[in-house]
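Counting in the numbering used here, the sequence shown runs from 83 upward without gaps. Glycine is no exception: its CB is placed at the ideal position from the N, C-alpha and C atoms. Below is one structure, written out as structure tokens, with a few remarks after it.
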Amino acid sequence: MPAPALLRLERPSRRGRRAIAGAVGLLALIGGGSVGLADSLDARLAGAWAPSEADCAKLFQRRGGAVTFRQPIDKFAQAEIIGPQTILAPSSSCRVLSVSRENGAIKVNTQCNDSISFRQESVWIKVQPSGEIVYSPTGDPALGTTFIKCAM
Numbered sequence: 083m084p085a086p087a088l089l090r091l092e093r094p095s096r097r098g099r100r101a102i103a104g105a106v107g108l109l110a111l112i113g114g115g116s117v118g119l120a121d122s123l124d125a126r127l128a129g130a131w132a133p134s135e136a137d138c139a140k141l142f143q144r145r146g147g148a149v150t151f152r153q154p155i156d157k158f159a160q161a162e163i164i165g166p167q168t169i170l171a172p173s174s175s176c177r178v179l180s181v182s183r184e185n186g187a188i189k190v191n192t193q194c195n196d197s198i199s200f201r202q203e204s205v206w207i208k209v210q211p212s213g214e215i216v217y218s219p220t221g222d223p224a225l226g227t228t229f230i231k232c233a234m
């Protein structure tokens, strides 16, 4: 005697279980896909930044298709290499945790490390109409450094 339809529904086929698992996985991605992922900086900010063209040539080099700090690194230089989820300075490396807009600037919350410490800090980047940026550790424009993007 054939099994009733109700019993067949209680034991889905292997194909049915895969379909259900796939649907649950897709819903998890849609609902919580960004959990644990850092925000990304605007792609227009990506690259090497320094106070002048002369500083660009002095501080940066292209190695293996990527821009790096020229060796030996001047640990006191004011310069940054900005990536989608990183900001590299001559003496520290920062991972972007979140990105938001605040008072006409981009506020970037980061987790940074240098040779002796780990710390969380915020920096503000204000893009000027000229294409320059003002990079400030406090959000106060008076304490910001104006950088140009290096043509590398």
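Element boundaries [alpha helix (DSSP H), containing residue i]
i	result
residue 170	Taken as a continuous stretch (DSSP letters only), residue 170 belongs to no alpha helix (DSSP H), being part of the beta strand (DSSP E) at 168–171.
residue 138	135–141
Buried versus exposed, by CB contacts within 10 Å (16 or more), residue i
i	result
residue 151	buried
residue 226	buried
residue 142	buried
residue 229	buried
residue 124	exposed
Proximity to residue i [Cα-Cα], best of the options
i	options	result
residue 232	221, 133, 123, 156	133
residue 126	201, 222, 223, 166	166
residue 219	162, 199, 137	162
residue 185	175, 139, 221	221
residue 148	122, 160, 164	164
residue 157	139, 196, 200	196
residue 214	131, 122, 121	131
residue 137	159, 211, 217, 212	159
residue 204	217, 210, 139	217
Cβ pair residue i, residue j closer than 9 Å
i	j	result
residue 206	residue 190	yes
residue 129	residue 234	yes
residue 202	residue 170	no
Whole-Å CB distance - residue i paired with residue j, under 8 Å assumed
i	j	result
residue 187	residue 208	4 Å
residue 172	residue 155	5 Å
residue 177	residue 193	5 Å
residue 174	residue 168	11 Å between Cβ atoms; not a contact.
Chain B contact for residue i (CB, 9 Å cutoff)
i	result
residue 194	Among the chains of the structure shown, chain B does not appear; only one protein chain is present.
Residue interval of the beta strand (DSSP E) (run including residue i)
i	result
residue 233	Where residue 233 is concerned, there is no enclosing beta strand (DSSP E), given that its DSSP letter is neither H nor E.
residue 162	162–164
residue 183	174–184
residue 151	148–151
residue 213	From DSSP, residue 213 is part of no beta strand (DSSP E); its letter is neither H nor E.
residue 129	129–132
residue 198	That residue, residue 198, is in no beta strand (DSSP E); it is neither H nor E in DSSP.
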